[in-house]
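Quick notes on the structure that follows.
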Amino acid sequence: MLRFKDSQMDESFRKERAGMVRDLAAKADPFVKRRLLDLANRYDSADRPDATAATPDNLEITRSSIVANER
Numbered sequence: 024m025l026r027f028k029d030s031q032m033d034e035s036f037r038k039e040r041a042g043m044v045r046d047l048a049a050k051a052d053p054f055v056k057r058r059l060l061d062l063a064n065r066y067d068s069a070d071r072p073d074a075t076a077a078t079p080d081n082l083e084i085t086r087s088s089i090v091a092n093e094r
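And the structure:
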């Protein structure tokens with residue numbers, strides 16, 4: 024997998040790709056269009072970190088908390 028060292032280049036690539044995918048979506052049938060627009064949105068949001076990313080450690084803590092609260 025090719026990785027760019029420059030984050031600006033990554034952002035530029037994602038924006039271009041999102042635009043290309045949206046252009047394809049404009050010509051697609053409704054089912055494919057919806058999927059392509061979802062993909063374009065993922066490209067757009069790829070540079071924005073999630074507010075709370077769930078990791079296995081977070082999930083384990085959450086499960087433990089739920090079990091403790093049920094008792």
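Numbering (the working numbering), first residue to last: 24 to 94. Note that the Cβ used here is the ideal one computed from N, Cα and C, for glycine as well.
Whole-number beta carbon distance between residue j and residue i, since they are thought to touch under 8 Å
i     : j     : result
ARG45 : ALA63 : 5 Å
8 Å CB neighbourhood of residue i in its chain, flanking five on each side removed
i     : result
TYR66 : ARG37, LYS38, ARG40, ALA41, VAL44
Backbone secondary structure at residue i - three-state DSSP
i     : result
LYS50 : coil
ALA63 : helix
ALA69 : coil
Same chain, Cβ closer than 6 Å to residue i, neighbours up to 5 away in sequence not counted
i     : result
ALA48 : LYS56, LEU59, LEU60
Neighbourhood of residue i by C-beta, 7 Å cutoff - its chain only, sequence neighbours within 5 removed
i     : result
ALA51 : LEU59
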